[in-house]
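**Student:** Sequence order for the protein chains is A and B.
Letter by letter, the first sequence follows residues 1 to 527 of UniProt numbering.
Letter by letter, the second sequence follows residues 1 to 527 of UniProt numbering.
Before anything else, here's the structure in question.
There are 2 protein chains.
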Amino acid sequence: MEISGDLLIGKHTVRGTNGSIKGIDAATGEALAPAFGGATLEQLEQACALAWQASDIYRELPLETRAKFLETIAQNILDIGDVLIERCVTESGLPRGRIEGERGRTVGQLRMFAAVVREGDFLGVRIDPAQPQRQPLPRVDLRLRYVPLGPVAVFGASNFPLAFSVAGGDTASALAAGCPVIAKAHSAHPGTSALVGRAVQKAVADCGLPEGTFSLLFDSGRDIGQGLVSDRRIKAVGFTGSRGGGTALMKLAAARREPIPVYAEMSSINPVLLFPHALKNRGAAIGKAFAGSLALGAGQFCTNPGLVLAIDGPELDTFIEATAAALSETPAATMLTPGIHKAYESAVNKTAEHGEVKTLARGCAAKGATQGQAALFSTTAEAFRANPELHEEIFGAASLIVRCPDLATVLDLVEQLEGQLTAALHIDEADYADARRFLPALERRTGRILVNGFGTGVEVGHAMVHGGPFPSTADGRSTSVGSLAIDRFLRPVSYQDMPEGLLPDALKTANPLGLNRRLDGKLQLSK
Amino acid sequence: MEISGDLLIGKHTVRGTNGSIKGIDAATGEALAPAFGGATLEQLEQACALAWQASDIYRELPLETRAKFLETIAQNILDIGDVLIERCVTESGLPRGRIEGERGRTVGQLRMFAAVVREGDFLGVRIDPAQPQRQPLPRVDLRLRYVPLGPVAVFGASNFPLAFSVAGGDTASALAAGCPVIAKAHSAHPGTSALVGRAVQKAVADCGLPEGTFSLLFDSGRDIGQGLVSDRRIKAVGFTGSRGGGTALMKLAAARREPIPVYAEMSSINPVLLFPHALKNRGAAIGKAFAGSLALGAGQFCTNPGLVLAIDGPELDTFIEATAAALSETPAATMLTPGIHKAYESAVNKTAEHGEVKTLARGCAAKGATQGQAALFSTTAEAFRANPELHEEIFGAASLIVRCPDLATVLDLVEQLEGQLTAALHIDEADYADARRFLPALERRTGRILVNGFGTGVEVGHAMVHGGPFPSTADGRSTSVGSLAIDRFLRPVSYQDMPEGLLPDALKTANPLGLNRRLDGKLQLSK
Numbered sequence: 001m002e003i004s005g006d007l008l009i010g011k012h013t014v015r016g017t018n019g020s021i022k023g024i025d026a027a028t029g030e031a032l033a034p035a036f037g038g039a040t041l042e043q044l045e046q047a048c049a050l051a052w053q054a055s056d057i058y059r060e061l062p063l064e065t066r067a068k069f070l071e072t073i074a075q076n077i078l079d080i081g082d083v084l085i086e087r088c089v090t091e092s093g094l095p096r097g098r099i100e101g102e103r104g105r106t107v108g109q110l111r112m113f114a115a116v117v118r119e120g121d122f123l124g125v126r127i128d129p130a131q132p133q134r135q136p137l138p139r140v141d142l143r144l145r146y147v148p149l150g151p152v153a154v155f156g157a158s159n160f161p162l163a164f165s166v167a168g169g170d171t172a173s174a175l176a177a178g179c180p181v182i183a184k185a186h187s188a189h190p191g192t193s194a195l196v197g198r199a200v201q202k203a204v205a206d207c208g209l210p211e212g213t214f215s216l217l218f219d220s221g222r223d224i225g226q227g228l229v230s231d232r233r234i235k236a237v238g239f240t241g242s243r244g245g246g247t248a249l250m251k252l253a254a255a256r257r258e259p260i261p262v263y264a265e266m267s268s269i270n271p272v273l274l275f276p277h278a279l280k281n282r283g284a285a286i287g288k289a290f291a292g293s294l295a296l297g298a299g300q301f302c303t304n305p306g307l308v309l310a311i312d313g314p315e316l317d318t319f320i321e322a323t324a325a326a327l328s329e330t331p332a333a334t335m336l337t338p339g340i341h342k343a344y345e346s347a348v349n350k351t352a353e354h355g356e357v358k359t360l361a362r363g364c365a366a367k368g369a370t371q372g373q374a375a376l377f378s379t380t381a382e383a384f385r386a387n388p389e390l391h392e393e394i395f396g397a398a399s400l401i402v403r404c405p406d407l408a409t410v411l412d413l414v415e416q417l418e419g420q421l422t423a424a425l426h427i428d429e430a431d432y433a434d435a436r437r438f439l440p441a442l443e444r445r446t447g448r449i450l451v452n453g454f455g456t457g458v459e460v461g462h463a464m465v466h467g468g469p470f471p472s473t474a475d476g477r478s479t480s481v482g483s484l485a486i487d488r489f490l491r492p493v494s495y496q497d498m499p500e501g502l503l504p505d506a507l508k509t510a511n512p513l514g515l516n517r518r519l520d521g522k523l524q525l526s527k
Numbered sequence: 001m002e003i004s005g006d007l008l009i010g011k012h013t014v015r016g017t018n019g020s021i022k023g024i025d026a027a028t029g030e031a032l033a034p035a036f037g038g039a040t041l042e043q044l045e046q047a048c049a050l051a052w053q054a055s056d057i058y059r060e061l062p063l064e065t066r067a068k069f070l071e072t073i074a075q076n077i078l079d080i081g082d083v084l085i086e087r088c089v090t091e092s093g094l095p096r097g098r099i100e101g102e103r104g105r106t107v108g109q110l111r112m113f114a115a116v117v118r119e120g121d122f123l124g125v126r127i128d129p130a131q132p133q134r135q136p137l138p139r140v141d142l143r144l145r146y147v148p149l150g151p152v153a154v155f156g157a158s159n160f161p162l163a164f165s166v167a168g169g170d171t172a173s174a175l176a177a178g179c180p181v182i183a184k185a186h187s188a189h190p191g192t193s194a195l196v197g198r199a200v201q202k203a204v205a206d207c208g209l210p211e212g213t214f215s216l217l218f219d220s221g222r223d224i225g226q227g228l229v230s231d232r233r234i235k236a237v238g239f240t241g242s243r244g245g246g247t248a249l250m251k252l253a254a255a256r257r258e259p260i261p262v263y264a265e266m267s268s269i270n271p272v273l274l275f276p277h278a279l280k281n282r283g284a285a286i287g288k289a290f291a292g293s294l295a296l297g298a299g300q301f302c303t304n305p306g307l308v309l310a311i312d313g314p315e316l317d318t319f320i321e322a323t324a325a326a327l328s329e330t331p332a333a334t335m336l337t338p339g340i341h342k343a344y345e346s347a348v349n350k351t352a353e354h355g356e357v358k359t360l361a362r363g364c365a366a367k368g369a370t371q372g373q374a375a376l377f378s379t380t381a382e383a384f385r386a387n388p389e390l391h392e393e394i395f396g397a398a399s400l401i402v403r404c405p406d407l408a409t410v411l412d413l414v415e416q417l418e419g420q421l422t423a424a425l426h427i428d429e430a431d432y433a434d435a436r437r438f439l440p441a442l443e444r445r446t447g448r449i450l451v452n453g454f455g456t457g458v459e460v461g462h463a464m465v466h467g468g469p470f471p472s473t474a475d476g477r478s479t480s481v482g483s484l485a486i487d488r489f490l491r492p493v494s495y496q497d498m499p500e501g502l503l504p505d506a507l508k509t510a511n512p513l514g515l516n517r518r519l520d521g522k523l524q525l526s527k
């Protein structure tokens with residue numbers, strides 16, 4: 001498959017005429033061919049109009065059609081073959097194995113949502129049958145199902161060029177919910193976006209869906225992204241990126257005539273809490289594993305462990321020594337873009353020069369212009385409490401260890417933290433009683449609490465929450481990974497006294513779709 | 001039970017010292033004793049501090065304790081006896097039968113949520129067991145439950161002084177979810193609020209709950225309401241009221257350091273669509289029923305039918321004649337407050353004087369200073385399309401009939417409407433094919449679609465949606481009536497590889513709470 005540099009507007013490939021962008025070889029900084037034409041506002045309008053036209057049709061197609069569509073996207077992505085892997089490796093600077101794994105994850109995610117669509121539990125069917133004899137007033141017949149919100153704008157993430165980009169988790173869950181998608185390609189991987197976009201576009205055609213079910217736009221500035229979020233036909237936004245970018249979209253969405261939900265996954269430092277017995281018994285081993293999690297993918301994960309809270313003392317020193325030893329052998333790694341590398345260097349230097357911070361270790365020196373060198377810092381509890389800038393995410397392989405006098409201080413610092421995607425507890429059985437006292441504080445401010453592990457490696461399953469209170473996400477009531485992500489793009493509608501002939505199939509008394517339903521409040525399985 | 005005029009801050013009754021408000025006899029406009037002291041910012045701070053202290057404790061109490069608490073509130077409200085009914089009738093101007101019915105609804109709602117809490121489906125338990133042998137990587141153990149958001153601010157509605165006020169649907173669903181509540185009393189019924197507040201406060205004590213589980217504040221201005229929404233310890237807002245009030249709270253909540261969800265139920269004109277065969281066969285009967293719905297409770301319902309769309313002609317005239325005849329015999333009714341009456345009169349006069357509007361009928365003349373006189377208007381499709389001010393809600397018994405040339409125009413006008421709580425279709429079997437074409441447009445912009453009925457009379461059940469896209473509510477993904485309302489105050493948290501001893505009971509493998517659970521994505525009933 002060739003990369004044309006065109007926009008995908010419904011079934012058409014159209015040259016964008018509003019400036020252009022080029023992919024960059026992450027390792028060398030060289031521009032890659034071809035140039036991608038940025039969309040004009042007229043082209044944005046066309047995409048929105050097509051999405052709107054498609055919306056009412058797409059959402060009422062049989063669930064089987066929708067499921068097959070998701071599976072077809074998955075197969076079409078696989079069918080691109082090595083061209084996709086190579087382009088993605090070049091644009092992202094990520095290792096081939098990682099990108100192959102991410103393709104598997106992307107395809108698996110689409111197939112999982114196909115299964116979710118077939119099963120139909122997301123329709124949330126509830127039926128309260130009429131009670132004509134009820135006194136003092138008869139009870140009406142009420143039936144509820146969830147319907148899709150309408151067209152969704154998806155902003156791809158730089159750090160997951162496949163799994164959280166054009167056909168990633170946001171797109172998969174929105175399409176599964178029955179929402180057309182307009183994807184705004186991330187400028188860090190336009191070629192990857194173009195290839196995947198073509199795979200989705202082809203799946204739309206393969207499955208005979210309305211063309212507006214999917215469009216892909218390139219944006220040479222910010223007008224198209226902003227215009228998308230502000231367009232009256234867009235009913236929700238999926239975004240993964242920086243806090244600045246996400247909060248800007250939140251403001252735009254809130255200022256609309258009709259405000260819409262924004263699901264922005266933004267900023268998290270993912271505290272790691274080392275409890276005394278675990279630290280004493282396994283400090284070196286935890287340190288080694290920590291260094292691995294910290295440096296994975298050049299630290300460019302939303303769930304990267306950017307903060308360690310532990311009681312100061314020789315046990316913590318053992319942990320630090322093991323971490324430092326592992327980091328000192330950790331090669332510098334090419335970062336996703338020159339801009340991300342520059343921001344990382346700047347934040348690391350600023351932290352290193354902070355009067356209250358000590359540099360404990362660095363990874364191997366960079367061998368390329370855009371390679372990030374891991375960094376480990378420490379500070380005191382008082383300094384951490386007094387300097388909110390030390391709570392900010394550094395996107396990359398940098399982490400800050402806070403030396404605390406006791407567990408009460410650790411808990412107190414946890415209570416100072418903003419919302420987080422994850423928190424990790426390292427505990428042995430003798431630590432359980434202490435750990436239990438931390439759970440309320442962690443539940444209040446994180447989406448996922450993990451034990452004796454690290455937040456990197458986000459399982460795509462049914463019980464995953466990749467979300468959390470602001471600012472880790474824009475809407476802490478949701479997850480952007482796992483099957484529950486479909487709920488973000490749905491809302492309930494109730495039908496009162498509607499004749500069988502007009503009811504959607506999901507709500508018909510005979511249950512032709514074989515759905516699990518809640519009858520008079522009681523959950524009933526179809527089989 | 002005596003009405004003291006004090007704030008309820010946790011277990012204390014405290015005199016508010018920030019100005020005062022008095023209840024008003026809705027029928028006479030006379031001020032009622034006693035005066036209610038407005039809360040100071042210090043008193044607000046105390047209530048928030050207590051709510052925060054209570055939050056972690058209250059949310060982890062056994063479900064049975066929480067259910068009993070809700071039932072105790074219900075019983076305590078009944079135990080107030082006639083004093084409550086009388087005060088509520090006086091303050092609201094609503095008939096005794098209505099208020100008795102509303103008390104029944106309030107009590108029933110609390111008991112329904114008690115049953116929902118006992119059943120535990122709202123915990124949304126999902127378990128993906130570990131797969132240590134999985135290749136290429138072992139799968140971790142993931143378990144998900146929903147946790148309460150934290151303390152909730154509830155703003156009572158003027159038009160449901162019991163069912164949507166201090167212990168109404170927002171409070172009941174928030175408490176059911178595990179969230180402490182700080183209620184801001186509506187100044188239209190401070191005495192009713194005080195009596196019900198005492199019943200809740202007593203239930204907190206009866207059940208041995210932390211005192212901060214509930215507080216009740218009076219506000220002599222707007223500082224306390226605004227301060228509540230802005231307080232860092234408040235994690236969600238429930239509101240029923242005007243569009244202006246609701247959008248102001250939305251802005252405050254969005255501007256916080258940590259933005260929080262606002263569930264504001266605001267503004268809806270609830271279109272009624274009359275289809276040709278129904279109109280021809282039953283026009284007069286529909287008209288009579290319509291007049292009844294329009295004038296019910298002086299038209300002071302969120303679901304009041306403020307707009308009728310139908311094809312012009314003799315059949316529509318028959319409907320109008322029947323409506324006009326019924327309205328002309330409809331007594332004027334005391335409105336909730338002098339302010340609401342004044343706003344109603346002003347909006348009705350403005351509409352009557354509109355160059356494109358004809359007045360078709362009025363109800364009986366007012367016999368009291370604050371009585372609202374029903375009003376029926378008509379206009380043309382072109383005028384309705386061209387004059388957005390005709391789309392605005394008039395809170396009270398006023399409705400606008402739009403004479404359309406054909407059904408295509410009716411559908412086109414539906415597409416011009418903002419988000420609505422309800423839409424009503426009046427159809428006979430011969431209309432079904434036409435009606436089907438309207439469903440997508442209605443599903444996109446309403447929370448409830450009803451057939452051959454009117455939106456007034458909102459059943460408190462499991463399949464009810466009392467919600468809808470903006471501006472009918474602030475968040476179209478939710479309902480404020482029915483058991484699904486509990487979902488508004490919850491968010492998911494995932495636990496990874498957590499030892500059994502630390503897992504909350506809801507997630508323990510042995511399922512000690514007997515919950516329905518989703519295992520590896522498959523729903524499994526506990527019994």
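A virtual CB, placed ideally from N, CA and C, is assigned to each residue, including glycine.
Out of curiosity, what's the CA-to-CA distance linking residue 490 of chain A and residue 261 of chain B?
**Tutor:** Position 490 of the first sequence, counting from 1, holds the residue named residue 490 of chain A. Position 261 of the second sequence, counting from 1, holds the residue named residue 261 of chain B. If you take the alpha carbons of residue 490 of chain A and residue 261 of chain B, they lie about 17 Å apart.
**Student:** For residue 452 of chain B and residue 427 of chain B, which I take to be in contact (beta-carbon distance under 8 Å), what is that distance rounded to the nearest angstrom?
**Tutor:** In the second sequence, the residue the question calls residue 452 of chain B occupies position 452. In the second sequence, the residue the question calls residue 427 of chain B occupies position 427. Right, their Cβ atoms sit about 7 Å apart.
**Student:** Ends of the beta strand (DSSP E) at residue 12 of chain B?
**Tutor:** Residue 12 of chain B sits at position 12 when you count from the first residue of the second sequence. Here the beta strand (DSSP E) through residue 12 of chain B covers 12-14.
**Student:** Going by CA-CA distance only, name the one from A:344, A:181, A:221 and A:319 that's closest to residue 396 of chain A.
**Tutor:** Within the first sequence, residue 396 of chain A is the residue found at index 396, counting from 1. If we check each option's Cα against that of residue 396 of chain A, A:344 comes out closest.
**Student:** Hey, how far is the Cα of residue 534 of chain B from the Cα of residue 264 of chain B?
**Tutor:** Residue 534 of chain B lies beyond the range of chain B shown here (1 to 527); nothing can be said about it.
**Student:** Are residue 323 of chain B and residue 455 of chain B close, meaning C-beta to C-beta below 7 Å?
**Tutor:** Counting from 1 along the second sequence, the entry for residue 323 of chain B is found at position 323. Counting from 1 along the second sequence, the entry for residue 455 of chain B is found at position 455. No, Cβ-Cβ distance for residue 323 of chain B and residue 455 of chain B is not below 7 Å.
**Student:** Can you list the residues of chain A that residue 432 of chain B reaches, using a CB-CB cut of under 8 Å?
**Tutor:** Within the second sequence, the letter at position 432 stands for residue 432 of chain B. Here the neighbours are 499, 501 and 502.
**Student:** Determine whether the beta carbon atoms of residue 407 of chain A and residue 431 of chain A lie at a separation below 7 Å.
**Tutor:** As a working note, residue 407 of chain A is residue 407 in the first sequence. As a working note, residue 431 of chain A is residue 431 in the first sequence. In this structure, residue 431 of chain A does not lie closer than 7 Å to residue 407 of chain A by Cβ.
**Student:** Kindly provide the ranges of any alpha helix (DSSP H) runs that are 4 or more residues long and lie completely inside the segment 178-234 of chain B, ordered along the chain.
**Tutor:** Listed in chain order, the complete alpha helix (DSSP H) runs (minimum 4 residues) inside the segment 178-234 of chain B are 190-206 and 223-230.
**Student:** How big is the Cα-Cα spacing for residue 74 of chain B and residue 197 of chain B?
**Tutor:** Residue numbering aside, residue 74 of chain B sits at position 74 when the second sequence is read from its first letter. Residue numbering aside, residue 197 of chain B sits at position 197 when the second sequence is read from its first letter. When rounded, the distance between both Cα atoms is 12 Å.
**Student:** Using a threshold of 7 Å, state whether the C-beta atoms of residue 91 of chain A and residue 168 of chain A are closer than that.
**Tutor:** By one-based count along the first sequence, residue 91 of chain A stands at place 91. By one-based count along the first sequence, residue 168 of chain A stands at place 168. No. Outside cutoff.
**Student:** Within 8 Å, do at least three Cβ pairs link the segment 71-88 of chain B to the segment 245-254 of chain B?
**Tutor:** Because the criterion of three Cβ pairs below 8 Å is not met, the segment 245-254 of chain B and the segment 71-88 of chain B do not touch.
**Student:** Contact check, residue 449 of chain B vs residue 474 of chain B under 8 Å by CB: the rounded distance?
**Tutor:** Taking the first residue of the second sequence as 1, we reach residue 449 of chain B at position 449. Taking the first residue of the second sequence as 1, we reach residue 474 of chain B at position 474. So it is not a contact: roughly 21 Å between Cβ atoms.
**Student:** Spell out the partners DSSP gives residue 371 of chain B in its beta bridges.
**Tutor:** Position 371 of the second sequence, counted from the first residue, corresponds to residue 371 of chain B. For residue 371 of chain B, which the question treats as bridged, DSSP gives the partners B:334.
**Student:** Quick check on residue 511 of chain B - is its C-beta less than 7 Å from some C-beta in chain A?
**Tutor:** Sequence index remark: in the second sequence, residue 511 of chain B carries index 511 (1-based). Taking Cβ atoms only, chain A never reaches closer than 7 Å to residue 511 of chain B, which makes this a no.
**Student:** Throw me the rounded Cβ distance for the residue 240 of chain A and residue 164 of chain A pair, which I believe falls under 8 Å.
**Tutor:** Counted from its first residue, the first sequence places residue 240 of chain A at position 240. Counted from its first residue, the first sequence places residue 164 of chain A at position 164. Contact flag correct, Cβ pair sits at about 5 Å.
**Student:** Is residue 228 of chain B closer than 7 Å to residue 153 of chain B when the C-beta atoms are compared?
**Tutor:** By one-based count along the second sequence, residue 153 of chain B stands at place 153. By one-based count along the second sequence, residue 228 of chain B stands at place 228. A contact, by the Cβ cut-off of 7 Å.
**Student:** Looking at the structure shown, is residue 135 of chain A part of a helix, part of a strand, or coil, going by DSSP?
**Tutor:** Reading the first sequence from its first residue, position 135 is the one you call residue 135 of chain A. Here residue 135 of chain A sits in coil by DSSP.
**Student:** Note down, in chain order, every chain B residue with its Cβ under 8 Å from the Cβ of residue 450 of chain A.
**Tutor:** Here residue 450 of chain A corresponds to residue number 450 of the first sequence, with the count starting at 1. Residues of chain B passing the Cβ test: 140, 495, 496, 497 and 498.
**Student:** Residues in the same chain with beta-carbon distance under 8 Å from residue 482 of chain B, minus the five sequence neighbours each way, listed in chain order, please.
**Tutor:** Sequence index remark: in the second sequence, residue 482 of chain B carries index 482 (1-based). For residue 482 of chain B, where only same-chain residues beyond five positions count, the Cβ hits under 8 Å are 459, 460, 461, 462, 463, 464, 465 and 466.
**Student:** Of all the residues that make up the segment 473-494 of chain B, which are near chain A by a beta-carbon distance shorter than 9 Å?
**Tutor:** Cβ contacts with chain A come from 474, 475, 476, 477, 478, 479, 482, 483, 484, 487, 488, 490, 491, 492, 493 and 494.
**Student:** Does any C-beta atom of chain B lie closer than 7 Å to the C-beta of residue 516 of chain A?
**Tutor:** Locating residue 516 of chain A in the first sequence gives position 516, where the first residue counts as 1. Yes, its Cβ sits closer than 7 Å to a Cβ of chain B.
**Student:** Residues of the segment 299-311 of chain A in Cβ contact with chain B at a cutoff of 7 Å, in chain order, please.
**Tutor:** Those residues of the segment 299-311 of chain A that come within reach of chain B (Cβ to Cβ, closer than 7 Å) do not exist; the list is empty.
**Student:** Please confirm whether residue 132 of chain A has its beta-carbon closer than 7 Å to some beta-carbon of chain B.
**Tutor:** Here residue 132 of chain A is taken as the residue at index 132 of the first sequence, counted from 1. Chain B contact via Cβ: absent.
**Student:** Go through its chain and collect everything with a Cβ distance to residue 316 of chain B's Cβ below 6 Å, but skip five positions before and after it.
**Tutor:** Translated into positions along the second sequence, residue 316 of chain B becomes position 316. So the list reads 310, once near-sequence residues are dropped.
**Student:** Which residues in the same chain have their Cβ closer than 7 Å to the Cβ of residue 546 of chain B, if we skip the five residues on either side of it in sequence?
**Tutor:** With chain B covering only 1 through 527, there is no way to say anything about residue 546 of chain B.
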